[in-house]
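Colleague:
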Amino acid sequence: MGYKCNLRCTHCHIEASPERKEAMSSSTVDRIIDILKKHDEITTLDITGGSPEYNPNYRLLVKMTADMGKKVIVRTNLAIYFEPGMSDLPEFLAEHKVKIVASLPCYTKDGVDGQRGKGTYDRAVSALKRLNKLGYGREGTGLEIDLMFNPAKEGVAPDQHMLENAYREKLKELHGITFNHLIALSNMPIGRLGRAMSVIEKEVYLKQLEEKFNPDTVKNVMCRHLISVAPDGTLYDCDFWQALKLSVNERTSNTVNSFDYASLSNRDIVTAPLCFMCTAGAGASCSGALA
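Throughout the sequence shown, residue numbering follows numbering that gives the first Met the number 0, covering 0 to 290 in sequence.
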């Protein structure tokens, strides 16, 4: 919903920051709501940013979509709940049964603050405790919260199952925090991370990804099951291609205003060597491992 963010993470592929101005307009949000109303086939809306909470139409989009009976997922850095005007968001999300995917790149303070800035870990822990009190991450409540891990630098994420067990044990032991699942996502060598890498480092990383290609992941890669909508309404095969301005390979339907479900469902997906990031090892996606 926009590239503005209260943080400035070292790995961010869209280079979100407090200074970014791009934000989804009311007309684009209205068009998305209209598309969701017309297409029962679209069952899930996944809202991200930057910090999407900064968009003035964030709550409207969440409420309208939830009221349609569709699944709503929101992605958050947790620290945003301590910004002005955001303190009641946990209650709002719980009221509408919204699934939360919360970024937490490590279960230690040094690991999180080193990547996201001083004080981020303490705010994240405080937010998670509050969400637990509301019922998130607790059995029988219907309120889901998944955590998302990403490496500090380039490299394929560790085994998701083992990492989830470590997170579950440490967060419970240190803070009494519970959650539903962990998503382990490797970093794409673009954006802020890409600029910090040398040409040789990028070549070595991409070669490693290619060598770890797993054909079993291909049927589940996220570009086969979603469309990424940029703040200006342009359509992309994935969030990473949005960062690189590589719009969908379907000139008759490449914005929300020209949205055509049938043609987009049968489009040729834009591919490049960077795609090996999603197909290396157990695979990677914004929903977790693929194989």
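Glycine included, each C-beta is placed from N, C-alpha and C at the ideal position.
Could you tell me whether the Cβ atoms of ALA290 and ASP215 are closer together than 8 angstroms?
Modeller: yes
Colleague: Considering only residues of the segment 84-151, which uninterrupted beta strand (DSSP E) runs meet the minimum length of 3 residues and lie entirely inside it, listed in chain order?
Modeller: 98-102, 144-148
Colleague: Cβ of VAL73 within 8 angstroms of Cβ of PRO55?
Modeller: no
Colleague: Taking the alpha helix (DSSP H) that THR27 belongs to, which residues open and close that run?
Modeller: 25-37
Colleague: Are the beta-carbon atoms belonging to ASP236 and THR47 less than 8 angstroms from one another?
Modeller: no
Colleague: Could you check whether VAL269 and LYS211 sit closer than 8 angstroms to each other, using their CB atoms as the reference points?
Modeller: For LYS211 and VAL269, no; Cβs fall outside 8 angstroms.
Colleague: Determine contact between the segment 191-198 and the segment 5-14, defined as no fewer than three beta-carbon pairs at a distance below 8 angstroms.
Modeller: yes
Colleague: Per DSSP, what kind of secondary structure is HIS320 in: helix, strand or coil?
Modeller: With the chain represented from 0 up to 290, any question about residue 320 goes unanswered, as that position is not in the structure.
Colleague: Is it the case that the Cβ atoms of SER197 and ALA283 are separated by a distance below 8 angstroms?
Modeller: no
Colleague: Which residues mark the beginning and the end of the beta strand (DSSP E) in which VAL71 is found?
Modeller: 70-75
Colleague: Per DSSP, LYS20 is paired with what?
Modeller: DSSP lists no partner for LYS20.
Colleague: Determine, using beta-carbon pairs with one atom in the segment 165-185 and one in the segment 244-259, whether at least three such pairs fall under 8 angstroms.
Modeller: no
Colleague: Three or more C-beta pairs under 8 angstroms: does that hold for the segment 137-155 against the segment 93-103?
Modeller: yes
Colleague: With distance defined between alpha-carbon atoms, name the residue in PHE91, LEU173, LYS152 nearest to ASP204.
Modeller: Looking at the sequence itself, residue 204 is Tyr, so the reference to Asp does not match. It is LYS152.
Colleague: Checking 8 angstroms against the spacing of the C-beta atoms, do TYR53 and GLY1 come in under that value?
Modeller: yes
Colleague: Check for me: the beta strand (DSSP E) holding ILE46 runs from which residue to which?
Modeller: 43-46
Colleague: Using a Cβ-Cβ cutoff of less than 6 angstroms, which residues in the same chain neighbour PRO272 once the five nearest sequence positions on both sides are dropped?
Modeller: LEU205
Colleague: In its own chain, which residues sit with a C-beta less than 7 angstroms from the C-beta of GLU40, not counting the 5 before and 5 after it?
Modeller: TYR260
Colleague: Going by beta carbon distance, what residues of the same chain come within less than 6 angstroms of ILE34, once the five residues before and after it are set aside?
Modeller: PHE258
Colleague: By the DSSP assignment, the beta strand (DSSP E) with ALA279 in it spans what residues?
Modeller: Per DSSP, ALA279 belongs to no beta strand (DSSP E) and is neither H nor E.
Colleague: What whole-angstrom Cβ distance do VAL255 and ILE31 have, given they're in contact under 8 angstroms?
Modeller: 6 angstroms
Colleague: Should ILE226 go down as buried or exposed, given a rule of 16 or more other Cβ atoms within 10 Å for buried?
Modeller: buried
Colleague: What residues match up with TYR235 in a beta bridge as DSSP calls it?
Modeller: SER227, SER246
Colleague: Going by the CB atoms, is the gap between GLY116 and LEU6 shorter than 8 angstroms?
Modeller: yes
Colleague: So, using beta-carbon positions, are SER102 and MET161 closer together than 8 angstroms?
Modeller: no
Colleague: Rounding to the nearest angstrom, what Cα-Cα distance links LYS20 and SER125 in this structure?
Modeller: 28 angstroms
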